[in-house]
Amino acid sequence: MTSPDRKTRGRTSPGRLQGLDAYLLHEERALLTRREDAWAHAAFVDVGFGEHPWTTLDSARAFRDVHPELPVVGVELDAHRVAAAQAHVDALTDFRQGGFSLPLRPGETVRLIRAMNLLRGYRPEDVPGIHHTLGGALLEGGLLVEGSTDTSGAVLVAHLLRRVPGGLSREALLFHTDFSRGFAPVLFRDWLPRDFRRRVKPGEPIHAFFARWTEAWEQARAAGPLSPPDAFRQSVLGLAERIEGLDTRAWLLEHGYVLWRPRGGVFQ
Numbered sequence: 383m384t385s386p387d388r389k390t391r392g393r394t395s396p397g398r399l400q401g402l403d404a405y406l407l408h409e410e411r412a413l414l415t416r417r418e419d420a421w422a423h424a425a426f427v428d429v430g431f432g433e434h435p436w437t438t439l440d441s442a443r444a445f446r447d448v449h450p451e452l453p454v455v456g457v458e459l460d461a462h463r464v465a466a467a468q469a470h471v472d473a474l475t476d477f478r479q480g481g482f483s484l485p486l487r488p489g490e491t492v493r494l495i496r497a498m499n500l501l502r503g504y505r506p507e508d509v510p511g512i513h514h515t516l517g518g519a520l521l522e523g524g525l526l527v528e529g530s531t532d533t534s535g536a537v538l539v540a541h542l543l544r545r546v547p548g549g550l551s552r553e554a555l556l557f558h559t560d561f562s563r564g565f566a567p568v569l570f571r572d573w574l575p576r577d578f579r580r581r582v583k584p585g586e587p588i589h590a591f592f593a594r595w596t597e598a599w600e601q602a603r604a605a606g607p608l609s610p611p612d613a614f615r616q617s618v619l620g621l622a623e624r625i626e627g628l629d630t631r632a633w634l635l636e637h638g639y640v641l642w643r644p645r646g647g648v649f650q
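Taking the working numbering, the leading residue of the sequence shown gets 383, the next gets one more, and so forth.
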């Protein structure tokens, strides 16, 4: 599934995933700070850190504000990238060569795995198996985050998959914008996780989701000019009247997040 010969892109920049970091710090603080039993030294693993490990290091600094002893492991297929990243190794931060079968050491445990901007070149039918392989490393209750962002990190969509007894639960889809590109629901379509990108077509649940969101957005705009944050907020509140499972808490809307937890989990 993961070949050492597969060409990896990996050009990223500092701050690209800060919107995701902020979400995790706010919504998953209990996960990041758990310290009992096997969680005492459970790591954050960043898969596919890229040509430079900037986003891994960004997240290490952010997460260590709430868990100063958090181990962080960056994983990359490209041996040259791993070698270059060794300049940033310290007692809590390591960079290793590997793929979806994570290069963990005996006794290491994992609380959070991030695999962002990694699966865009894979076939959609490969994605469930990749999720399964990655999720197998998590402690029960741990989280796998997999999805895509634009090059600046202004627009993001990600799967949130929780390790539960028996496997992974497709718990939610997370959408985020920082409004630097304005706002319209269509902004998110090109950054859907790989298994959804070609399924925004009639008859598919993700198509219905975007159709209802666009209706709500157009209704909000018809009432008069709105700033991008206001158009976002009103469209999400309108969407919540049209579909179930949408989280409309004030913090999420204020900071540009949509969290969708359909009953029974996100559809395959």
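Virtual Cβ for every residue (Gly too), placed ideally from N, Cα, C.
Using CA coordinates, which residue listed in the options is at the minimum distance from residue i?
{"i": "F426", "options": "G481, L439, E409", "result": "L439"}
{"i": "F482", "options": "Q468, H462, G518", "result": "G518"}
{"i": "W573", "options": "M498, A593, D460", "result": "M498"}
{"i": "V429", "options": "H408, S609, H513", "result": "H513"}
{"i": "H423", "options": "P450, L406, Q400", "result": "P450"}
{"i": "P485", "options": "H434, A602, L516", "result": "L516"}
{"i": "L635", "options": "F561, K583, F649", "result": "F561"}
{"i": "L494", "options": "V582, A412, Q400, T630", "result": "A412"}
{"i": "Y504", "options": "G548, F431, G489, R580", "result": "R580"}
{"i": "D460", "options": "G432, L500, L407", "result": "G432"}
Can the beta-carbon of residue i be found less than 7 Å from the beta-carbon of residue j?
{"i": "G529", "j": "A540", "result": "yes"}
{"i": "L538", "j": "T531", "result": "yes"}
{"i": "D403", "j": "A444", "result": "yes"}
{"i": "G480", "j": "V454", "result": "no"}
{"i": "G535", "j": "L407", "result": "no"}
So what does DSSP say about residue i, is it helix, strand or coil?
{"i": "T475", "result": "strand"}
{"i": "T559", "result": "strand"}
{"i": "L634", "result": "helix"}
{"i": "H541", "result": "strand"}
{"i": "F578", "result": "coil"}
{"i": "F592", "result": "helix"}
{"i": "D387", "result": "Confidence at D387 is low in this model, with a pLDDT of 36, below 50, so the placement of that residue should be treated as unreliable; the coordinate-derived value is given next. If DSSP states are grouped into helix, strand and coil, D387 belongs with coil."}
{"i": "R493", "result": "strand"}
{"i": "L520", "result": "strand"}
{"i": "V640", "result": "strand"}
{"i": "Y405", "result": "helix"}
Assuming the contact rule is C-beta atoms closer than 8 Å, residue i and residue j should be a hit. Round their C-beta distance to whole Å, please.
{"i": "F592", "j": "P567", "result": "6 Å"}
{"i": "V492", "j": "F477", "result": "In fact, because the Cβ distance is near 16 Å, the residues do not count as touching under 8 Å."}
{"i": "R576", "j": "V509", "result": "5 Å"}
{"i": "R645", "j": "E626", "result": "6 Å"}
Name, in chain order, the residues that DSSP records as bridge partners for residue i.
{"i": "E458", "result": "Q479"}
{"i": "E528", "result": "A497, H541"}
{"i": "S551", "result": "R544"}
{"i": "D428", "result": "G456, R496"}
{"i": "H628", "result": "It should be pointed out that residue 628 corresponds to Leu in this sequence rather than to His. Partner(s): W642."}
{"i": "G564", "result": "S562"}
Check whether the Cβ of residue i lies closer than 7 Å to any Cβ atom in chain D.
{"i": "L474", "result": "This model lacks chain D altogether, as it is built from one protein chain only."}
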